[in-house]
Structures are given as C-alpha cells and as structure tokens.
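Chemist:
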Amino acid sequence: MENKIKIFLVDDQQIANFIMKKVISTLAIDCEVIAFDKPKEALSALSENKPHLIFLDLNMPLINGWQFLEYMQDDQETKVVILTSSIDPVDEKKSKEFPQVIHYETKPPSKEKIKAIISREIK
Amino acid sequence: MSLYENKYRVTYEAFSKFSAKISKADNKKELLAIMETHLKYLFNYKYFRVLIKDEDSIKSFNIFQNSICPTEFILDVVFDYEEKLLAKNIPLYQNTDGSFLKEYQEQLQICEGKLWGWHFEYQNTELCVSLISDKNKPFIVKDIEILNLLIDSFFTKYQQLKLRNRLHKKNLNLENALRIIKSQKLQISKIVDNQKSIIKKRTNALQQSNTELAEISRLNAHNAREPLSRILGLIEIAEFYTEKELKTTILKNLKISAQDLDKALKGIIEKSAQAIEKLSNEDLSS
Chain V
33 MENKIKIFLV
43 DDQQIANFIM
53 KKVISTLAID
63 CEVIAFDKPK
73 EALSALSENK
83 PHLIFLDLNM
93 PLINGWQFLE
103 YMQDDQETKV
113 VILTSSIDPV
123 DEKKSKEFPQ
133 VIHYETKPPS
143 KEKIKAIISR
153 EIK
Chain B
3 MSLYENKYRV
13 TYEAFSKFSA
23 KISKADNKKE
33 LLAIMETHLK
43 YLFNYKYFRV
53 LIKDEDSIKS
63 FNIFQNSICP
73 TEFILDVVFD
83 YEEKLLAKNI
93 PLYQNTDGSF
103 LKEYQEQLQI
113 CEGKLWGWHF
123 EYQNTELCVS
133 LISDKNKPFI
143 VKDIEILNLL
153 IDSFFTKYQQ
163 LKLRNRLHKK
173 NLNLENALRI
183 IKSQKLQISK
193 IVDNQKSIIK
203 KRTNALQQSN
213 TELAEISRLN
223 AHNAREPLSR
233 ILGLIEIAEF
243 YTEKELKTTI
253 LKNLKISAQD
263 LDKALKGIIE
273 KSAQAIEKLS
283 NEDLSS
C-alpha cells in the first residue's frame with residue numbers, strides 16, 4: 033500500500049474523467065484514482081488524501097484550473113499535470129509559472145504519454 | 003537798400019519760415035493751417051484759392067482774408083475762369099467784383115478787385131491757383147515769383163502726404179490680407195487636426211474590432227475543441243470494451259459529446275453572424 037500512487041482527476045466533464053480513468057486502468061500500474069467533477073470538492077479532499085499527482089483541467093466553471101493552482105500554492109508535495117483541450121500557447125506558457133506543474137498535456141489523453149508521466153512519479 | 007529790396011528781404015525770411023513749418027506738417031489739415039497762417043506774410047490778397055485736379059478727383063481749398071470761412075479741402079464747383087485755365091493754360095488777370103463768391107462777396111468788401119489766375123501742371127496733376135486782390139490789398143507782378151515758390155513747396159508736401167496715405171492704405175490692405183491668410187491657415191490646420199482625430203478614432207475602433215474578433219475566434223476554437231477531444235478520447239479507449247459495453251457506455255457518451263460539439267458549432271456560427279452584423283452597422287454609422 034505504501035507504494036501505491038494516488039491520483040486525482042479534476043475535470044467538470046464527467047465523460048473526460050471517465051476516459052482518463054479507463055486510460056489509466058489499461059496501464060497496468062497499481063494506483064488509486066479519484067475523480068472530481070467539482071474542483072471545490074477536490075480542494076477539500078487534498079489535505080486528507082494527499083495525492084501524488086493531479087490531472088487538472090483548465091476551463092471549468094466556478095473555479096477554473098488557474099484558480100485551483102492558486103488555492104493549492106501551499107501544497108509542495110502534490111504535482112500537477114495540466115490536461116486541457118486548449119491548444120493555446122498562451123495557456124501553456126502561463127502554466128510554467130506554477131512550480132507544481134510538471135506537464136502540459138492536450139486532450140485527448142494519449143496512453144503512452146500518460147504512462148510515461150505516471151511511471152516517472154513512481155520512481 | 004531800397005524799400006523794395008527791403009520788402010523782399012522780409013518776404014524771403016517769411017518764406018523760409020513757411021518752408022520750415024510746412025516740412026513738418028504731418029497731414030493735409032496741418033498743411034492747410036500752415037498755408038492759412040503764413041500766406042499773409044508772403045503777398046497781399048483778399049481771397050486765395052487752389053484747385054487740384056488729379057487722376058481721380060477735383061478738390062479745392064479757399065483762404066479768405068481775415069479767415070471768414072474755415073480753410074479745408076472741399077469737393078466743390080469749378081468756377082468758369084478755372085475751366086478756361088484748365089482748357090487753355092493761359093494766366094489770367096481781369097477785373098472782378100467777386101460775385102462768383104456769392105454770400106462771401108460782401109464780407110470781403112472788394113474795392114476795384116482784380117482776379118489773378120495761373121495754371122500749374124505737374125505729373126498727373128493740374129493746379130489752378132487764383133486770387134483776388136484790390137486797391138487796399140494790391141498784388142503785384144513781382145509777387146508771382148514768391149507765389150511760384152509757394153505753390154511748388156505746397157504741392158511737393160501735398161504729394162508727399164498723398165503718397166504716404168496711399169502707402170499707409172496699402173499697408174493696411176496687406177495687413178488685412180495677412181490676417182485673412184493667418185485665419186485661413188488656422189482653419190486649415192483645424193481641419194487637418196479634425197481629420198487626424200477622425201482617422202485615429204476609426205483606427206482605434208478597427209483595432210478594437212480586430213481584438214474582439216480574435217477573442218471570439220479563440221473562444222470558438224476552444225469551445226469546439228472540448229467536446230471533440232472527448233469524442234477522440236472515447237474512440238481511443240473503445241478497444242478495451244466488449245461489444246455490449248460499447249453500446250451501453252461508449253456510444254452513449256459519444257452521443258452526448260457529439261451533441262455538445264453540435265451545440266458549440268451552432269453557437270460559433272451565431273456569434274460570428276452577430277459580430278459581422280455589428281461591424282457592418284458600425285461602418286454605416288461612422
């Protein structure tokens with residue numbers, strides 16, 4: 033259980049979370065995935081669950097991806113991968129301003145890339 | 003020294019005073035006042051008159067002995083004898099009772115009056131100089147010499163003042179023209195400034211429209227790409243499902259996502275149409 037990697041999916045689109053869950057499940061990596069379609073709930077669950085990795089969408093109502101990153105500034109442990117349908121270079125550039133962000137991925141999620149990202153975090 | 007020579011010495015002294023005064027005259031009124039004051043020291047007369055005929059006018063002034071009438075330039079009649087003088091240029095010497103002076107005749111109290119007249123011609127200007135003398139105020143042929151000098155210096159000054167007036171008028175005209183040019187220049191620069199501000203305004207409006215359009219197209223692209231990325235993702239994971247699962251799960255989500263994509267595209271088309279309409283309205287109103 034110690035080595036089991038804990039992953040949060042934060043995306044207001046349930047279908048997007050559904051796809052990511054399936055992609056991760058096919059990787060044959062032992063991990064625990066928790067999906068949130070309300071960013072606020074994910075923020076509340078952060079301190080209790082202490083996930084290793086968050087796949088974060090940018091374009092969300094009420095709390096968007098940027099605001100989400102602002103709220104979790106104090107959390108130095110959790111790493112964030114932006115997973116967005118935006119291919120705007122301005123967004124990618126902005127994401128580099130946040131130290132937690134280790135990757136910027138555009139949807140649809142590619143199985144190989146997701147595998148590479150998660151595998152790196154296990155080591 | 004004879005009495006006669008003595009008289010002329012005095013006369014020339016009087017003339018030199020007159021010359022000095024006249025050179026300082028600043029306008030025609032002053033010139034006439036000097037004439038009136040000094041004339042009596044130069045020769046005898048009851049009535050003295052100068053008619054000036056130049057390119058565009060005939061004017062005259064009269065000097066009466068004892069100043070019974072103010073001396074000033076007037077535009078009045080040309081007397082018959084002056085018509086003759088102008089026509090024939092022959093000096094005049096004849097008896098007169100001064101009746102042509104009408105109401106002034108009586109006050110002059112002419113006794114055995116003589117009418118003298120001379121014609122002077124200068125460039126573009128003719129002068130008729132005439133005077134009435136009588137037994138008590140006799141004018142003699144010898145006085146003609148001083149009269150010639152008087153008329154010369156009078157006319158020189160008269161001409162000088164006239165030219166100065168003309169120059170002054172021309173200067174005024176030029177100043178006026180300059181003022182008009184300046185005000186027109188000001189108007190032109192105002193028009194140019196106005197044009198500049200209109201151009202700036204329109205350029206700003208265009209830049210703003212461009213920014214708005216760019217923003218709209220960015221949002222559009224994003225709104226369309228979101229459901230599309232779901233569709234692509236669903237297709238990606240489809241291979242891990244059984245045929246039954248495909249129908250229940252994947253197809254259902256594909257349908258939702260495709261409908262979302264359709265909604266997004268409809269929204270894009272509507273927004274673009276609105277933006278285009280807004281822009282063309284702005285073009286018409288400005």
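Line by line, the protein sequences give chains V and B. Quick note: the first sequence uses my numbering, first residue 33, plus one each step. Quick note: the second sequence uses my numbering, first residue 3, plus one each step. Note that CB positions come from ideal geometry on N, CA and C, so glycine has one too.
#1: In this structure, does DSSP put GLU279 of chain B in helix, strand or coil?
#2: Using the C-alpha atoms, what's the distance from ALA35 of chain B back to ASN8 of chain B?
#3: At 7 Å on the CB atoms, spell out the chain V contacts of ASN255 of chain B, in chain order.
#4: Name the residues in the region 208-237 of chain B whose C-beta lies less than 7 Å from a C-beta of chain V; which are they?
#5: Taking all protein chains shown into account, do 16 or more other C-beta atoms lie within 10 angstroms of the C-beta of TYR160 of chain B, making it buried, or fewer, making it exposed?
#6: Please report the residue range of the beta strand (DSSP E) in which SER135 of chain B lies.
#7: State yes or no: is the beta carbon of ILE239 of chain B nearer than 8 Å to at least one beta carbon in chain V?
#8: Would you tell me roughly how many angstroms separate the C-alpha atoms of LYS36 of chain V and GLU80 of chain V, rounded to the nearest one?
#9: Using a C-beta to C-beta distance shorter than 7 Å, which residues of chain V count as neighbours of SER185 of chain B?
#10: Would you check if the distance between the CB atom of PHE122 of chain B and the CB atom of ILE153 of chain B is smaller than 8 Å?
#11: Between ILE258 of chain B and chain V, is there a C-beta pair that is closer than 8 Å?
#12: Answer yes if the region 154-173 of chain B comes into contact with the region 39-49 of chain B, meaning at least three C-beta pairs across the two stretches below 8 Å, and no otherwise.
#13: Against ILE154 of chain V, what residues of chain B qualify as contacts under a CB-to-CB distance less than 7 Å, listed in chain order?
#14: Return no unless some Cβ of chain B is closer than 8 Å to the Cβ of SER76 of chain V.
#15: Across which residues does DSSP place GLN96 of chain B in a beta bridge pair?
#16: Where do the ends of the beta strand (DSSP E) carrying LEU88 of chain V lie?
#17: In chain B, what lies closer than 9 Å to ILE119 of chain V by C-beta?
#18: DSSP beta-bridge partners for THR116 of chain V?
#19: Taking 8 Å as the CB-CB limit, is PRO93 of chain V close to chain B?
#20: Name, in chain order, the residues that DSSP records as bridge partners for SER4 of chain B.
#21: State the beta-bridge partners of ALA64 of chain B as determined by DSSP.
#22: Using a threshold of 8 Å, state whether the C-beta atoms of SER319 of chain B and VAL52 of chain B are closer than that.
#23: Could you check how far apart the C-beta atoms of LEU85 of chain V and GLU153 of chain V are, in whole angstroms? I think they sit under 8 Å.
#24: Going by alpha carbons, who is nearest to GLU64 of chain V out of V:MET52, V:GLU102, V:ASN96 and V:GLN46?
#25: At a cut of 8 Å, does the region 136-146 of chain V reach the region 110-121 of chain V through at least three beta carbon pairs?
#26: What residues in its chain sit with their C-beta under 8 Å from that of TYR47 of chain B, if we drop five residues either side in the sequence?
#27: Suppose you measure from the CA of ALA226 of chain B to the CA of LEU263 of chain B; what does that come to, to the nearest Å?
#28: Between VAL42 of chain V and chain B, is the shortest Cβ-Cβ distance under 8 Å, so that the two count as touching?
#29: Is ILE61 of chain V helix, strand or coil when you go by DSSP?
#30: If you draw a straight line from the alpha carbon of SER282 of chain B to that of ILE233 of chain B, how long is it in whole angstroms?
#31: Tell me whether LEU110 of chain B is buried or exposed, calling it buried when 16 or more other Cβ atoms sit within 10 Å of its Cβ.
#32: Strictly below 7 Å CB to CB, what residues from chain B border PRO140 of chain V?
#33: Residues of the region 52-68 of chain V with a CB closer than 7 Å to any CB of chain B: list them in chain order, please.
#34: Residue range of the beta strand (DSSP E) that PHE40 of chain V falls in?
#35: Beta-carbon within less than 6 Å of TYR95 of chain B's beta-carbon, same chain only, minus the 5 sequence neighbours each way: which residues are those?
Modeler: Straight from the coordinates:
#1: Your numbering for residue 279 of chain B matches position 277 in the second sequence. GLU279 of chain B falls in the helix class under three-state DSSP.
#2: Counted from its first residue, the second sequence places residue 8 of chain B at position 6. Counted from its first residue, the second sequence places residue 35 of chain B at position 33. Between ASN8 of chain B and ALA35 of chain B, the C-alpha separation is close to 27 Å.
#3: By one-based count along the second sequence, residue 255 of chain B stands at place 253. Within chain V, the residues near ASN255 of chain B are ILE47 and PHE50.
#4: ARG220, HIS224, ARG227, GLU228, SER231, ARG232, LEU234, GLY235 and LEU236
#5: As a position in the second sequence, residue 160 of chain B is number 158, starting the count at 1. Taking a 10 Å sphere around the C-beta of TYR160 of chain B, we find 16 or more other C-beta atoms and assign the residue as buried.
#6: One-based indexing of the second sequence puts residue 135 of chain B at position 133. Its beta strand (DSSP E) spans residues 127-135.
#7: Indexing the second sequence from 1 puts residue 239 of chain B at position 237. Chain V, which has a Cβ nearer than 8 Å to the Cβ of ILE239 of chain B, makes this yes.
#8: Here residue 36 of chain V refers to the residue found at position 4 of the first sequence. Here residue 80 of chain V refers to the residue found at position 48 of the first sequence. Taking the straight line from one Cα to the other gives about 16 Å.
#9: As a first step, residue 185 of chain B must be located in the second sequence, where it is residue number 183. Chain V residues near SER185 of chain B: none, gap ~54 Å exceeds 7 Å.
#10: By one-based count along the second sequence, residue 122 of chain B stands at place 120. By one-based count along the second sequence, residue 153 of chain B stands at place 151. Taking a C-beta distance under 8 Å as the contact criterion, PHE122 of chain B and ILE153 of chain B qualify as a contact pair.
#11: Within the second sequence, numbered from 1, the residue matching residue 258 of chain B stands at position 256. With 8 Å as the cut-off, ILE258 of chain B counts as an interface residue toward chain V.
#12: no
#13: As a working note, residue 154 of chain V is residue 122 in the first sequence. Within 7 Å Cβ-Cβ: nothing; ILE154 of chain V doesn't reach chain B, min ~22 Å.
#14: As a first step, residue 76 of chain V is located in the first sequence; it is residue number 44 there, counting from the start. Closer than 8 Å: no.
#15: Within the second sequence, residue 96 of chain B is the residue found at index 94, counting from 1. Residue pairing by DSSP places GLN96 of chain B opposite B:LEU117 in a beta bridge.
#16: Numbered from its first residue, the first sequence carries residue 88 of chain V at position 56. Taken as a continuous stretch (DSSP letters only), the beta strand (DSSP E) holding LEU88 of chain V covers 85-88.
#17: Position 87 of the first sequence holds residue 119 of chain V. Chain B residues near ILE119 of chain V: ALA223, HIS224 and ARG227.
#18: Taking the first sequence and counting its residues from 1, one reaches residue 116 of chain V at position 84. Paired residues: V:THR138.
#19: Residue numbering aside, residue 93 of chain V sits at position 61 when the first sequence is read from its first letter. Judged by the 8 Å Cβ criterion, PRO93 of chain V is not in contact with chain B.
#20: Here the question's residue 4 of chain B lines up with position 2 in the second sequence. Answer is none; SER4 of chain B lacks a bridge partner.
#21: Mapped onto the second sequence, residue 64 of chain B falls at position 62. Ala is not the amino acid found at residue 64 of chain B; the sequence shown has Asn there. ASN64 of chain B pairs with B:ARG51.
#22: Given a span of 3 to 288 for chain B in the structure shown, any question on residue 319 of chain B remains unanswerable.
#23: Locating residue 85 of chain V in the first sequence gives position 53, counting from the first residue. Locating residue 153 of chain V in the first sequence gives position 121, counting from the first residue. At roughly 6 Å, the Cβ-Cβ gap stays under 8 Å, so LEU85 of chain V and GLU153 of chain V are in contact.
#24: The sequence position of residue 64 of chain V within the first sequence is 32, counting from 1. It is V:MET52.
#25: yes
#26: Locating residue 47 of chain B in the second sequence gives position 45, counting from the first residue. Hits under 8 Å: LEU41, ILE65, GLN67, LEU133, ILE134, SER135, LYS139 and PHE141.
#27: Taking the second sequence and counting its residues from 1, one reaches residue 226 of chain B at position 224. Taking the second sequence and counting its residues from 1, one reaches residue 263 of chain B at position 261. The straight-line gap from Cα to Cα measures roughly 6 Å.
#28: Along the first sequence, read from residue 1 onward, the residue named residue 42 of chain V stands at position 10. Not closer than 8 Å to any Cβ of chain B, the Cβ of VAL42 of chain V fails to qualify, so no.
#29: Within the first sequence, residue 61 of chain V is the residue found at index 29, counting from 1. Correct three-state label for ILE61 of chain V: coil.
#30: Position 280 of the second sequence, counted from the first residue, corresponds to residue 282 of chain B. Position 231 of the second sequence, counted from the first residue, corresponds to residue 233 of chain B. SER282 of chain B and ILE233 of chain B have their C-alpha atoms spaced approximately 37 Å apart.
#31: Sequence index remark: in the second sequence, residue 110 of chain B carries index 108 (1-based). By the neighbour-count rule (16 or more Cβ atoms within 10 Å), LEU110 of chain B is buried.
#32: Mapped onto the first sequence, residue 140 of chain V falls at position 108. Under the 7 Å cutoff, chain B gives SER231, LEU234, GLY235 and GLU238.
#33: LYS54, VAL55 and THR58
#34: Within the first sequence, residue 40 of chain V is the residue found at index 8, counting from 1. Looking at the DSSP string, the run of the beta strand (DSSP E) that includes PHE40 of chain V is 37-42.
#35: Here residue 95 of chain B is taken as the residue at index 93 of the second sequence, counted from 1. Closer than 6 Å at the Cβ level, and outside the excluded window around TYR95 of chain B, lie TRP118.
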